[in-house]
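Written out below as structure tokens is the structure these notes cover.
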Amino acid sequence: MTVDRYTGCPARTSDEVLLYPGPKVVVTTICVHTPRVRYPVARLTQISRIEVRGYPVLVGAVGVGAVELMIAVPFAVAYGSGLLACAGVLLAIGIGLGALVDSRRNPRLMVLSAVYRGRRVELFSTRDKAEFERVRLAVIRAVEASRDHLPGR
Numbered sequence: 000m001t002v003d004r005y006t007g008c009p010a011r012t013s014d015e016v017l018l019y020p021g022p023k024v025v026v027t028t029i030c031v032h033t034p035r036v037r038y039p040v041a042r043l044t045q046i047s048r049i050e051v052r053g054y055p056v057l058v059g060a061v062g063v064g065a066v067e068l069m070i071a072v073p074f075a076v077a078y079g080s081g082l083l084a085c086a087g088v089l090l091a092i093g094i095g096l097g098a099l100v101d102s103r104r105n106p107r108l109m110v111l112s113a114v115y116r117g118r119r120v121e122l123f124s125t126r127d128k129a130e131f132e133r134v135r136l137a138v139i140r141a142v143e144a145s146r147d148h149l150p151g152r
């Protein structure tokens, strides 16, 4: 049996139950096998998700809209122009559509992290929301299963 020299987690054994067999991470009832390190599930605490959201369409729409309003409002007031007022309404619609389109997108990156021996470690990261949820649920099931097998429970 080989043991990870950093974490003390054994290589896959016959009594482990495979919960998620992914290419980037393998989750079993005993360890979370990442490409670099194997973490014993019993020592993982404070499992959390970190989502990095990027809204380039919204940022662009708001920036262009602010510049256009700064130009249109003084001219609309000075000249009493209904055309510039219509441009402001179209601008508001454009910003709303940009925000709607961008808010429906997945987060740019999702990271599953945990505390291992007092230090926050990254267990898994992806842009695919469905895959992230499968891995997250597998890790949670593994942690719950390891806590059920602790002495005194």
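Counting from 0, one number per residue, gives the positions in the sequence shown under numbering that gives the first Met the number 0.
Each residue gets a CB set at the ideal place from its N, CA and C atoms; glycine is no exception.
Give the straight-line distance between the Cα atoms of residue i and residue j, rounded to the nearest whole angstrom.
i, j, result
"Gly64", "Ala91", "8 Å"
"Leu89", "Ala129", "36 Å"
"Lys23", "Gly59", "34 Å"
"Arg133", "Val40", "16 Å"
"Val26", "Leu99", "36 Å"
"Val114", "Val138", "13 Å"
"Leu83", "Ala71", "6 Å"
"Arg118", "Gly21", "25 Å"
"Val120", "Glu67", "45 Å"
"Asp14", "Val31", "15 Å"
"Val110", "Leu43", "15 Å"
"Gly81", "Pro73", "13 Å"
"Ile46", "Ser124", "13 Å"
What do you reckon, are the CB atoms on residue i and residue j nearer than 8 Å?
i, j, result
"Thr33", "Ala144", "no"
"Arg107", "Val51", "yes"
"Tyr38", "Leu122", "yes"
With DSSP as the reference, please indicate the residues paired to residue i in a beta bridge.
i, result
"Thr125", "Met109"
"Glu50", "Met109"
"Cys85", "Per DSSP, none; premise fails for Cys85."
"Pro20", "Val25"
Give the C-beta separation of residue i and residue j to the nearest angstrom, bearing in mind that I take them to be a contact with Cβ-Cβ under 8 Å.
i, j, result
"Val61", "Ile94", "6 Å"
"Arg146", "Arg48", "Rounded, the Cβ-Cβ distance is 20 Å, inconsistent with contact."
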